[in-house]
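Numbering-wise (our numbering), the sequence shown opens with residue 32 and increments by one.
Just so it is clear, CB atoms sit at the ideal spot from N, CA and C, and this is done for glycine as well.
This report concerns only the one structure given below.
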Amino acid sequence: MENNNSERSYIRGVCRYCGQALIVSLSESQEEADEKAAEECDCDGAVKARRTRERIQNATDGIEKIFGSGAADADYEPLGAAALEYLKATATLMVEEIIEGVSVKIPGVCVAKLSMTGKGNIKICRSEGRTRTIES
Ligand SMILES: [Zn+2]
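Pasting the structure below:
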């Protein structure tokens, strides 16, 4: 959508999910205004996208807590960056319903298991003789 305002202020964004135009806060570019519109729109597509992002964030936080920076708090060994990234990418694919889960052995450390519960939550489990589980 063209913005003819000579001050180049973008306050009308178009939701990418439903095409509805919304008045948003002053933006630097049309892309930013469109982004804000999608963020504020309450159509099904926009709501679903926000919910998906929230689920990915929750799963990522859970992984960070059990395998990453939060591990030491509970006296567990934090995993290396590559293994953490792998688990987070896996959780993203699970939220997007591309895969259902994975069980991966981290040599000398633990077994990491991500699975989908009947309620559609992601269950994050770490076992190494003792077990720690989070459902998000
Ligand atoms: Zn919308």
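- Within a 10 Å sphere around the beta-carbon of residue 58 sit 16 or more other beta-carbons, which makes this residue buried.
- Around the beta-carbon of residue 78, fewer than 16 other beta-carbon atoms lie within 10 Å, marking it exposed.
- Distance from the CA of residue 39 to the CA of residue 66, rounded to the nearest whole angstrom, comes to 17 Å.
- For residue 41, the enclosing beta strand (DSSP E) covers residues 41–45.
- Remark: C-beta atoms of residue 115 and residue 99 approach each other more closely than 8 Å.
- Counting C-beta pairs closer than 8 Å gives fewer than three between the region 69–76 and the region 103–121, which falls short of the contact rule.
- DSSP, read as helix, strand or coil, puts residue 129 in coil.
- From the listed residues 95, 48, 55, the smallest Cα separation to residue 111 is found for 95.
- Following the DSSP letters along the chain, one finds residue 70 inside the alpha helix (DSSP H) bounded by residues 61–71.
- About 6 Å separates the beta carbons of residue 43 and residue 54, which is inside the 8 Å limit, making them a contact pair.
- Separation of residue 51 and residue 129 (C-alpha to C-alpha, rounded to the nearest whole angstrom) is 29 Å.
- In this structure, residue 133 lies near residue 121, with their beta-carbon atoms less than 8 Å apart.
- The three-state reading of DSSP puts residue 119 in helix, counting H, G and I together.
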